[in-house]
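Just add 169 to the spot in the sequence shown (first one is 1) and you have the working numbering. Don't be surprised by glycine CBs; every beta carbon is placed ideally from N, CA and C. Remember, it's a predicted structure, so these values are computed and weren't measured experimentally. Since the structure comes first, as structure tokens, the remarks are kept for the end.
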Amino acid sequence: MACVLGIETSCDETGVALYDSEHGLLCHRLHSQVATHAPYGGVVPELASRDHIHRLIPLVDEVLAEAQKQPADIDAIAYTRGPGLIGALFVGSAFAKSLAMSWGIPSIGVHHMEGHLMASMLAPSPPEYPFIALLVSGGHTQLIHVLSFGQYQLLGETLDDAAGEAFDKTAKLLGLGYPGGPLLAQLATQGQASRFKFPRPLCDRPGLDFSFSGLKTFTRQTLERSQQTAKDKADIAAAFQEAVVDTLMFKCQRAMKQLGQTRLVIAGGVGANLSLRDKLKHLAATEGFHIHYPKLEFCTDNGAMIAIAGMMRLMQHQTDAHLSIEPQARWPLACPI
Ligand code: KG4
Ligand code: ZN
């Protein structure tokens, strides 16, 4: 039996959680920095780092109290080592490693995207290995063949903007604030997707790579040619979202066919998009494959995914070998096959 404290600070959310090998997720807390960054229209890295410093100790105290645990009950501290904002990663890494040292337990540097992948394992019926994973976040868009925990083959990825990044940049073009993805998705519910015909990038070519930067340009041109009324903007948002969702679905379907897989896992912040979830659910039903999503709250950044990924690393005895603090702003998860 083991209990892992998980700490996430890679970007604009401070997440802390406790995961127990026998009882699963004991509790988790999240502090969102939306209010801090909203006046600037995007994440200000220095403010993100400073805010993580303020939040970490109270959040750790809260999860320990809620789970009725003492430091002596914790077997390891997992933290996001990368990829992400370097200052924010430094805060989490230094905090986690120092706390682990003072408690006399190991620390475990976790890959943020492995955390996103493992968020699907928090569900009541987790996917069995092997499976195909669509990782869609603010910084990544990848299709990965997950053979087992820690064994990842990169099947395809974006050649330019990540899906979440495209949502965020397009939201800005439409005059929406930060965080752009959820705001654009909300506006899209009021729009008519069929009014504007957006391209489905790279769907006419073989392979499993993505490209989303053209959709952003297409949005700008469409917007400039319109009257830019509220209806125009809602229709453009809906058409943009449909183009991204269709493209992701098309490539998922192609990957599933190419590898003869029957299980698809969606991970990362864009996985919270309701249109993507609905359409993929429908596709899975017609194509006869199983689809797994994390709960909505575990799609975007959180401490629970770092705690569970840390637990899996702990089970494989993969704890930090030394005390030096080495966050990695860039860090590939999977290698191309
Ligand atoms: O995984 P995540 O929380 O952080 C990263 O690791 O990047 O993903 C954040 C990204 C942002 O780009 C955000 O706009 C996008 O996920 N996102 C959404 C939605 N919720 C978050 N995009 C579209 N629809 C949503 N509902
Ligand atoms: Zn993330």
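Please name the residue, chosen from the options, that lies closest to residue i on a Cα-to-Cα basis.
| i | options | result |
| --- | --- | --- |
| A241 | S190, G383, G210, V173 | V173 |
| G162 | M287, R446, D489, A335 | With the chain covering only 170 through 506, there is no way to say anything about residue 162. |
| P370 | F381, S201, S271, P296 | F381 |
| G344 | A399, P227, K266, V439 | A399 |
| P214 | P293, V315, A498 | A498 |
| P252 | S262, Y321, D244 | S262 |
| V193 | V413, A236, H459 | The identity of residue 193 in the sequence shown is Gly, whereas the question assumes Val. Checked all of V413, A236, H459; the closest Cα to G193 is A236. |
| T431 | T183, F409, T455, K338 | T455 |
| T416 | F379, L316, D489, I477 | F379 |
| E191 | S218, W500, E182, M480 | M480 |
| Q311 | L225, L377, D244, A234 | L377 |
| P368 | A331, K341, V413 | V413 |
| G284 | N471, Q485, E495 | N471 |
| W500 | L225, L258, A217, D181 | L258 |
| H280 | I176, T358, M425, Q239 | I176 |
| M282 | G429, A265, A302 | A302 |
| L443 | L199, L268, F419, P463 | P463 |
| M484 | L225, A217, E297, D244 | D244 |
| G360 | A292, A186, I405, G319 | I405 |
| I274 | K341, H486, H309, I477 | H486 |
| E231 | A441, L323, K420, H197 | H197 |
| A331 | I255, G383, A269 | G383 |
Give me the DSSP bridge partner(s) of residue i.
| i | result |
| --- | --- |
| L323 | I313, P505 |
| L303 | L312, I435 |
| Y188 | V173, L194 |
| H280 | G251 |
| I246 | L174, S276 |
| T183 | H200 |
| I578 | Residue 578 is absent from the structure shown; the chain starts at 170 and stops at 506. |
| I460 | L433 |
| F379 | T327 |
Is there at least one non-hydrogen atom of the ligand ZN closer than 7 Å to the beta-carbon of residue i?
| i | result |
| --- | --- |
| D330 | no |
| H206 | no |
| H223 | no |
| S294 | no |
| D181 | no |
| S306 | yes |
| D470 | yes |
| H285 | yes |
| G437 | yes |
| H281 | yes |
Since residue i contacts residue j with CB under 8 Å, what's their CB separation in whole angstroms?
| i | j | result |
| --- | --- | --- |
| R423 | A247 | Contact flag wrong, Cβ pair sits at about 34 Å. |
| A288 | A403 | Contact doesn't hold; Cβ gap of about 31 Å is too wide. |
| A473 | Y209 | Rounded, the Cβ-Cβ distance is 28 Å, inconsistent with contact. |
| L195 | F300 | That pair is no contact at about 26 Å. |
| T178 | H221 | 4 Å |
| V315 | L286 | 7 Å |
| L353 | Q410 | 7 Å |
| G211 | G333 | G211 to G333, Cβ: 13 Å. No contact. |
On the criterion of 16 or more Cβ atoms from any shown chain inside 10 Å, does residue i qualify as buried, or is it exposed?
| i | result |
| --- | --- |
| H223 | exposed |
| K366 | exposed |
| P227 | exposed |
| T469 | buried |
| P505 | exposed |
| H491 | exposed |
| T183 | buried |
| R374 | exposed |
| S306 | buried |
| G457 | exposed |
| S271 | exposed |
| K508 | Outside the modelled stretch of the chain, which goes from 170 to 506, sits residue 508, for which no answer is possible. |
| M170 | exposed |
| L465 | exposed |
| H309 | buried |
| L120 | A question about residue 120 goes unanswered here, because the residues of the chain that appear run from 170 up to 506. |
| T391 | buried |
| G440 | buried |
Less than 8 Å between CB atoms is the rule here; does residue i satisfy it with respect to chain B?
| i | result |
| --- | --- |
| A498 | Going by chain labels, chain B is absent from the structure shown, which holds only one protein chain. |
Say yes only if the C-beta of residue i is nearer than 7 Å to one or more non-hydrogen atoms of the ligand KG4, and no if none qualify.
| i | result |
| --- | --- |
| K200 | Correcting the residue identity first, residue 200 is His in this sequence and not Lys. Answer for H200: no, Cβ out of range of the ligand KG4. |
| H461 | no |
| D242 | no |
| G261 | no |
| F336 | yes |
| P351 | yes |
| P348 | yes |
| A186 | no |
| A354 | yes |
| G333 | yes |
| A441 | yes |
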